[in-house]
Every structure is written in C-alpha cells, then in structure tokens.
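Residue 88 in my numbering is what sits at position 70 of the sequence shown, and the numbering runs on without skipping anything.
C-beta atoms are modelled at their ideal positions from N, C-alpha and C, and glycine is treated no differently.
As the structure is a prediction and not an experimental result, all values here were calculated from the model.
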Amino acid sequence: MTDRIAIIGAGLAGLAAGRALAETGMTPVIFEKSRGLGGRLATRRTDFGPIDHGAPGVPASVPGGGEVWHSAPVEMRQSGLPGMSALARAMSGGLDIRKSVEVQPLIRAENTWRLSDQQGVGLGVFDRVIVTAPPIQAATLTAADATLSAQFAKAGMSPLWTLLMAFADPTGLEQEVLTLGGGLAKAIPMLAKPGQTGLERWTVHASPDWSAENLELEKDDAAARLLEAVREQVDLPGEPDYLAAHRWRYARVRTPLGMPFAASADGRLIAGGDWALGRLASDAVESGRAMAAHVIQAAG
Numbered sequence: 019m020t021d022r023i024a025i026i027g028a029g030l031a032g033l034a035a036g037r038a039l040a041e042t043g044m045t046p047v048i049f050e051k052s053r054g055l056g057g058r059l060a061t062r063r064t065d066f067g068p069i070d071h072g073a074p075g076v077p078a079s080v081p082g083g084g085e086v087w088h089s090a091p092v093e094m095r096q097s098g099l100p101g102m103s104a105l106a107r108a109m110s111g112g113l114d115i116r117k118s119v120e121v122q123p124l125i126r127a128e129n130t131w132r133l134s135d136q137q138g139v140g141l142g143v144f145d146r147v148i149v150t151a152p153p154i155q156a157a158t159l160t161a162a163d164a165t166l167s168a169q170f171a172k173a174g175m176s177p178l179w180t181l182l183m184a185f186a187d188p189t190g191l192e193q194e195v196l197t198l199g200g201g202l203a204k205a206i207p208m209l210a211k212p213g214q215t216g217l218e219r220w221t222v223h224a225s226p227d228w229s230a231e232n233l234e235l236e237k238d239d240a241a242a243r244l245l246e247a248v249r250e251q252v253d254l255p256g257e258p259d260y261l262a263a264h265r266w267r268y269a270r271v272r273t274p275l276g277m278p279f280a281a282s283a284d285g286r287l288i289a290g291g292d293w294a295l296g297r298l299a300s301d302a303v304e305s306g307r308a309m310a311a312h313v314i315q316a317a318g
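In structure tokens form, the structure reads like this:
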C-alpha cells in the first residue's frame, strides 16, 4: 500500500519536499492557504510592472532556473523573471497543489492524521504529514502531538514591513541596492535585477526593530510612515505613482531550531522550514529535502 502524504505549505520548503517525493514516484498533496505559491518568493503585479515584495533574491543553489544577479550578495545571487514568484512556479510543475485551503489543527486517527479546512470540510486522511508553516503556526497545527509542538518554541522569527513604490517618470536615483538607516534596512530597485525593463520600481525593507514595533499598523499608515522615512534619506522627486505596504509576520529567522526538522515519536508527523536551519532560502530547501528523505526512508 502506498502511503498517503500531505504537505502543508507551498513555500520553498514545501515545494522542495514535494519535488523530492515526486521524483521517487510518490504523489503528495500540497495544501496552501494563499492563492499563490512560494511564500516569501512573492511578486506583486502592478500597472507599472512586477515588484518583488518578499525575498529580493535567493542563493544560486535554490532550484527554479532563475536569472543570475551578478552584482548581488551571494545570498540573493539568483533572481526570478518576471519576478521571484517565477522560481516557485518552476518548482511546482506536476505537483498536486490545492491553493486557497487553510488547514486547521490536525486530528489524530489511530496511525493516521485527518485534515480539514476552515469550514470543517474534510481534506482527507493521510499516513504522513509534513508541516512547513512558521513555528508558531506549526505548533498550532500539530497541537494534538504535544511533545512535537512544544519543540517549536525553540525557534523564533522576526516580522518585516516592506514598502512598494513605482514611478511613471525616472527619479534620477542610481538603480542599485541602497543601504539605509533610520528604521529602514535597504531599498532594492527592480531595474537592477537581470532581465528587468520598463518603469522604475522599488522595494524598501524596514529594519527588524521598526517592523516589530509597528507590526499592527494599518497598511496605508505603514506605507505613509515608511515613505516619510525614505524621504529623510533619499531625494525623491515628487510622489510615487504606486505606493503600497506589505507585512510579513514571519519573515526572518531569528533563532533556528538547530536541526533540519522535528518529528513525532512515530515519525508520521514532521515539521520544518528555513526556521529549522537558518536565515537563507537554501536552508528552506535543505529542510524540505531532509523531510522528504525522512518520509521516503520511513515509507520504504
């Protein structure tokens, strides 16, 4: 009998796990609560062109066939085209992914796990489940196994506010990554990335402290405050023609778990992600592949 395998989350870790399982002939079902794939490999579509509002780039070792960004730091040397979300789409090919499905806390059913959505509709019963949600959410999902869920308290993540700007007319700013201060971390121009053309578009990352202190701001308020902080350091001519803010509650790994994943005593419920190993996108891929290897070995 072939094990029924569920993966919760279609970010890098979930896609890497799904891809590795599929390569052995397994057919995992991946549940993703959002409408898109890739988690922080996120691209906002605008009338001015795509704007990456999550990870600006990933290490070259991350699969996805992206563009080499030669001038970027090694941890963001690969970029997607037309945006970062293209890397996730490339990894997702052929996988069974159910989007816009928010899985509720798992229910144990003898040696299996029963999944349901927000409306209580059953999603299936699975022999093995891989959870790739951030640690706080993973703890909630796996609360039925108290020993496993308690392990996630060891890992910590920090939030991030990002500001998205686009301009119909050139600003005159150099199209290069800018290091900023005063509540901001850096500004990344889309036109600095390989293959990008068109109008001028920027993503500004707030600092970890600013993001944490202002986590519950309304998005419009956050956008206005971040724009003001940008103006204090950068000579912007006029107003942006597109302005928006995006909040990532779980953006940066602050304290990793210290191992590729955590598993229940019987090995049928496991959880991981970048937060298990470190701050790089490649850590998420490594964790995902390690979880897949665990499932393959256990099911073999």
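Taking Cβ positions, are residue i and residue j nearer each other than 8 angstroms?
i, j, result
"Phe66", "Tyr268", "no"
"Ala73", "Arg58", "yes"
"Ser103", "Leu55", "yes"
"Pro226", "Ser167", "no"
"Ala38", "Arg307", "yes"
"Leu191", "Ile69", "no"
"Val195", "Ala210", "yes"
"Arg53", "Ser97", "no"
"Ala262", "Ala242", "no"
"Asp21", "Asp163", "no"
"Thr189", "His71", "no"
"Ala35", "Met309", "yes"
"Gly101", "Thr61", "yes"
"Trp266", "Leu178", "yes"
Opposite residue i in the DSSP bridges: which residues?
i, result
"Asp114", "Val47"
"Thr5", "Nothing about residue 5 can be read from this structure; the chain reaches only from 19 to 318."
"Trp179", "Arg265"
"Pro207", "Trp220"
"Ile26", "Phe49, Val149"
"Val143", "Arg132"
"Gly290", "Phe279"
"Leu127", "Per the sequence shown, residue 127 should be read as Ala rather than Leu. DSSP, once it has assigned bridges, lists Thr130 as partnering Ala127."
"Ala184", "Arg219, Tyr260"
"Thr158", "Note: Thr158 sits in no beta bridge, so no partner."
Note down, in chain order, each residue of its chain lying with its Cβ closer than 8 angstroms to the Cβ of residue i, except the 5 sequence neighbours on either side.
i, result
"Val147", "Ile23, Ala24, Ile25, Ile26, Leu124, Trp131, Leu133, Arg286, Leu287, Ile288"
"Leu275", "Pro153, Gln169, Phe170, Lys172, Ala173, Gly290, Trp293, Ala294, Leu295"
"Gln193", "Pro207, Leu209, Ala210, Glu218"
"Ile314", "Ala38, Leu39, Thr42, Met44"
"Ala311", "Ala38"
To which residues of the same chain is residue i closer than 6 angstroms at the C-beta, ignoring the five residues directly before and after it?
i, result
"Asp114", "Val47"
"Val223", "Before going on, a small fix: residue 223 reads as His here, not Val. Excluding residues within five positions, the ones whose Cβ falls inside 6 angstroms are Thr180, Ala203, Lys204."
"Gly213", "Glu85, Leu99"
Skipping 5 residues on each side, what residues in its chain have a beta carbon closer than 7 angstroms to that of residue i?
i, result
"Arg272", "Gly174, Met175, Ser176"
"Phe185", "Leu217, Glu218, Pro258, Asp259"
Practice prompt. Let me know the beta strand (DSSP E) ranges lying completely inside the region 212-266, each 3 residues or longer, listed in chain order.
Written response: 218-224
Worksheet item: Does the region 267-284 come within contact of the region 239-259, defined as at least 3 CB pairs closer than 8 angstroms?
Response: no
Worksheet entry | Length-filtered (4 minimum) alpha helix (DSSP H) runs lying within the region 38-111 | 103-110
Discussion item. Under 8 angstroms: do the region 94-109 and the region 231-249 share three or more Cβ pairs, one atom per stretch?
Written reply: With the cut-off at 8 angstroms, the region 94-109 and the region 231-249 do not touch.
Item to complete: Check whether the region 75-83 touches the region 295-304, counting contact only when three or more Cβ pairs, one atom from each stretch, lie closer than 8 angstroms.
Response: yes
Item to complete: Evaluate the contact criterion for the region 149-167 versus the region 186-204: three or more CB pairs, one atom per stretch, below 8 angstroms.
Response: no
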